Amino acid sequence: MEDRIRKILNNKIYEPNDLEYMIKNTINREYDKKTKKNKIIKSFTTVFACLVIVSTVVFADNAAEIIKKWFGISNGVEEAINNGYIEQIPKEYTESKDAKIKVTDFVMDDMNLNISLNGKFNETIDSSKLMRLKFININIKDEENNIIFSQNDTTNINEKEIFKNDNDDTEKLNSSSYSTYINTINSNSIDFLININANDLPKSKTLKIQIEDISLSSENYDREIRLKGVWNIDIEVPEKFYNRTSIKYNVIECNNKYLDKNSINAIVYNTGMKFSMEMKINDGIKETMNQYNGTGNIEENLSIKNNAYIENENGEKFYISAISDGDGGYGVEDNIFKYWQTFNITKYNLTKKLKVVLETGKGDIIIINLEK
Amino acid sequence: MEQLLQEACKGNKEAFTKLILEIRHDLYKIAKLRLNSDADAEDAIQETIIEIFKRIKKFNEIKYFKAWCIKILINKCNKIYNKNKRNSISVEDLEIENYYIYNTYKMESDIEFYSLLENLNYDEKIVIIMFYKEDFTTKEISKIIGVNENTIKSRLSRAKNKIKKYYESKEGINNGR
Chain D
0 MEDRIRKILN NKIYEPNDLE YMIKNTINRE YDKKTKKNKI IKSFTTVFAC
50 LVIVSTVVFA DNAAEIIKKW FGISNGVEEA INNGYIEQIP KEYTESKDAK
100 IKVTDFVMDD MNLNISLNGK FNETIDSSKL MRLKFININI KDEENNIIFS
150 QNDTTNINEK EIFKNDNDDT EKLNSSSYST YINTINSNSI DFLININAND
200 LPKSKTLKIQ IEDISLSSEN YDREIRLKGV WNIDIEVPEK FYNRTSIKYN
250 VIECNNKYLD KNSINAIVYN TGMKFSMEMK INDGIKETMN QYNGTGNIEE
300 NLSIKNNAYI ENENGEKFYI SAISDGDGGY GVEDNIFKYW QTFNITKYNL
350 TKKLKVVLET GKGDIIIINL EK
Chain L
0 MEQLLQEACK GNKEAFTKLI LEIRHDLYKI AKLRLNSDAD AEDAIQETII
50 EIFKRIKKFN EIKYFKAWCI KILINKCNKI YNKNKRNSIS VEDLEIENYY
100 IYNTYKMESD IEFYSLLENL NYDEKIVIIM FYKEDFTTKE ISKIIGVNEN
150 TIKSRLSRAK NKIKKYYESK EGINNGR
């Protein structure tokens, strides 16, 4: 019994996603407190100039160092970086009113866009308690001037527009999530990261980022510093990102008779796998479900638990990335149960065959065998 | 770890960060024994880190580093727990709410972990986890918690009996008894 207790207590249990980030941020803040000068940024009155700088790109040679610093990235992005899928953009700063900013490192595929930036304040600030970063306005456009990401302070963060063309109002994509993290901040400078998850980021040779005003605030928003300025940063996207490819897997067999095999879609990218499937809710399913649950809540019974995973032929398991709600979910629409998910398996972990293992709310195990 | 601690004591931020990250799983598990909400557990860990940071320069006994951190954490957790009580938030309500939260989202191993501990009171939980998970002796646990060693021994024995009964009844059910 004692061995059993030991084993259970040593098993990994769920931890909040932001635990590691919170720890790193707390430590950064405590160290910065020791060194910073308590000088509050003064008001700025002069009209700012806005410089556009086109940065050039070189290879990143310190992937491990970057992973250590990048918060909020999925295991899939981490795996891609470990395999050299990252580029460094080390050049000039874009100057504006209260600070100058430059992009430092860059990762992009169909699902993820991760950009780290460094800023230097034009006057020293009191950086104590500052943990959160928010752009008052940010737009990212591709080479055809499509807005691939946009967010401003007056809109709800969940209602971002993505892929909305400048010229017409056709929304091509509707699912994305967005986060910013402060890596380090002191009285003179800041390192921060933008993580964007989306469904179909373009294979664009350039990206234009426009940032207007940045808010830095404490965890409880009881302290805020606003950096005024407009920063236009053009990035020449390295070839490996715009010439990227994805790998589609096809279904060989599935143990669930109700699942529509043709609806199963599994595509692997550099930073993860997008998986989706559909199940038509017919009388057979309804009957089975009602036997299980008298209330007949079909959606709950069909729901797929978060212990879902993909297993490769080497026996390695890859779980859901769970960076945001946008990455996965399920629902019933027009009598069809839909499930979509993002897994942490990347192009660097693939074998010819893969196995998808899903557990339903009812407790059934669905196994889907896939092949390249 | 010894090297990391030495570097952290000298003020090396990287080393300090690594040191804390290495014990973060233990800190979280212990915080969750006392505080059901993730937000409270994170607050307790955050306050613990700040306290460790302030005092680490005076500390260089690698053997007792984890014990020292856990001691600080337990105190921080107790403070938050008592504050919640004072603020008349029903601990029972919190427990029900959080039971629902972590039983909705978490992994298979969570069920085993929390089920094992659910019949124990807090004093028994902390002793069980320190003895079986952290491998502290009863003497060390008594120093960390500040309770007589004999009390620790009796809590441990009581907790083991409860777990034994729990498994017997569970296996009885599984065997159709």
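In the order they appear, the protein sequences are chains D and L.
Going by numbering that gives the first Met the number 0, the first residue of the first sequence is number 0, and it counts up by one from there.
Going by numbering that gives the first Met the number 0, the first residue of the second sequence is number 0, and it counts up by one from there.
Glycine residues also receive a C-beta, built at the ideal position from the N, C-alpha and C atoms.
This one's a predicted model, so the numbers in the text were calculated from it and none came from an experiment.
Beta-carbon proximity check, residue i vs residue j, cutoff 8 Å
i: Y80 of chain L; j: R23 of chain L; result: no
i: N10 of chain D; j: F112 of chain L; result: yes
i: K124 of chain L; j: T137 of chain L; result: no
i: V229 of chain D; j: E211 of chain D; result: yes
i: N194 of chain D; j: S214 of chain D; result: no
i: K99 of chain D; j: K227 of chain D; result: no
i: I234 of chain D; j: V102 of chain D; result: yes
i: A30 of chain L; j: F135 of chain L; result: no
i: N343 of chain D; j: G75 of chain D; result: yes
i: I257 of chain D; j: M278 of chain D; result: Checking the sequence, you will find Tyr at residue 257 of chain D rather than Ile. Yes.
i: K352 of chain D; j: N368 of chain D; result: yes
i: L200 of chain D; j: D108 of chain D; result: yes
i: N408 of chain D; j: I135 of chain D; result: Lying outside 0 to 371, the shown extent of chain D, residue 408 of chain D is not represented and no answer is given.
i: E252 of chain D; j: A307 of chain D; result: no
i: G271 of chain D; j: S115 of chain D; result: no
i: N311 of chain D; j: N261 of chain D; result: no
i: M0 of chain D; j: Y166 of chain L; result: yes
i: N231 of chain D; j: Q209 of chain D; result: yes
i: Y338 of chain D; j: I309 of chain D; result: no
Buried versus exposed call for residue i [16 or more other C-beta atoms within 10 Å across all chains shown]
i: V355 of chain D; result: buried
i: D141 of chain D; result: buried
i: M0 of chain L; result: exposed
i: G330 of chain D; result: exposed
i: R3 of chain D; result: exposed
i: D39 of chain L; result: buried
i: G10 of chain L; result: exposed
i: Y27 of chain L; result: buried
i: I366 of chain D; result: exposed
i: G118 of chain D; result: buried
i: K273 of chain D; result: buried
i: I85 of chain D; result: buried
i: S156 of chain L; result: exposed
i: E133 of chain L; result: buried
For residue j and residue i, the rounded distance between their alpha carbons
i: A43 of chain L; j: K75 of chain L; result: 5 Å
i: I110 of chain L; j: G328 of chain D; result: 22 Å
i: Y131 of chain L; j: S127 of chain D; result: 40 Å
i: R131 of chain D; j: K361 of chain D; result: 40 Å
i: I280 of chain D; j: D125 of chain D; result: 58 Å
i: L206 of chain D; j: E78 of chain D; result: 24 Å
i: T350 of chain D; j: G314 of chain D; result: 10 Å
i: K247 of chain D; j: E139 of chain L; result: 56 Å
i: N145 of chain D; j: R54 of chain L; result: 53 Å
i: K62 of chain L; j: C68 of chain L; result: 12 Å
i: D120 of chain D; j: E94 of chain D; result: Going by the sequence as given, residue 120 of chain D is Phe instead of Asp. Roughly 10 Å separates the two Cα atoms.
i: N138 of chain D; j: S149 of chain D; result: 4 Å
i: D104 of chain D; j: G83 of chain D; result: 12 Å
i: N113 of chain D; j: R222 of chain D; result: 27 Å
i: L3 of chain L; j: I51 of chain L; result: 14 Å
i: K133 of chain D; j: S168 of chain L; result: 53 Å
i: F15 of chain L; j: E6 of chain L; result: 8 Å
i: K164 of chain L; j: S141 of chain L; result: 26 Å
i: Y318 of chain D; j: D37 of chain L; result: 22 Å
i: V250 of chain D; j: I266 of chain D; result: 12 Å
i: Y268 of chain D; j: N77 of chain L; result: 46 Å
i: D25 of chain L; j: K82 of chain L; result: 23 Å
i: G145 of chain L; j: K12 of chain L; result: 31 Å
i: N198 of chain D; j: M110 of chain D; result: 5 Å
Any C-beta of chain B under 8 Å from that of residue i
i: E111 of chain L; result: Absent from the structure is chain B; the protein chains it does hold are D and L.
Contact test: residue i Cβ vs the ligand ADP heavy atom, cutoff 7 Å
i: L200 of chain D; result: This structure simply doesn't include the ligand ADP, nor any ligand for that matter.
Next item on the list: Scan the stretch 1–31 of chain D for residues whose Cβ lies nearer than 8 Å to a Cβ of chain L and list them as they occur along the chain.
Entry: E1, R3, I4, R5, I7, L8, N9, N10, K11, I12, Y13, E14, P15, D17, L18, E19, M21, I22, K23, T25, I26, N27, E29 and Y30
Checklist line | 3 or more residues per run - each beta strand (DSSP E) lying fully within the stretch 73–135 of chain D | finding: 98–107 and 111–120
Next item on the list: Please name the residues in the stretch 67–83 of chain L whose beta-carbon is closer than 8 Å to at least one beta-carbon of chain D, in chain order.
Entry: none
Item checked: Segments assigned alpha helix (DSSP H), at least 4 residues, entirely inside the stretch 21–65 of chain L -> 23–33 and 37–54
Note to self: Could you tell me which whole alpha helix (DSSP H) segments of length 4 or greater appear in the stretch 234–260 of chain D?
What the structure shows: 238–241
Next item on the list: Pull out every residue of the stretch 153–165 of chain L whose Cβ sits closer than 8 Å to any Cβ of chain D, in chain order.
Entry: K159, I162 and K163
Notebook entry, point to check: Listed from N- to C-terminal order along the chain, which residues in the stretch 29–44 of chain L have their beta-carbon within a distance smaller than 9 Å of any beta-carbon of chain D?
Noted result: K31, D37, A38, A40, E41 and I44
Next item on the list: Taking only beta carbons into account, state which residues of the stretch 4–18 of chain L come closer than 7 Å to chain D, listed in chain order.
Entry: K12, F15 and T16
Check: Going along the chain, which unbroken runs of the alpha helix (DSSP H) with 4 or more residues stay wholly within the stretch 104–154 of chain L?
Finding: 107–116, 121–127 and 137–144
Check: Which residues, in chain order, does the stretch 116–146 of chain L contribute to contact with chain D at a C-beta distance below 8 Å?
Finding: I127, I128, Y131 and K132
Check: Using a beta-carbon distance cut-off of less than 9 Å, what residues from the stretch 47–66 of chain L approach chain D?
Finding: I48, I49, F52 and K53
Checklist line | Completely contained beta strand (DSSP E) runs for the stretch 294–370 of chain D, where each covers 3 or more residues | finding: 308–311, 316–318, 328–332, 335–342, 352–358 and 364–370
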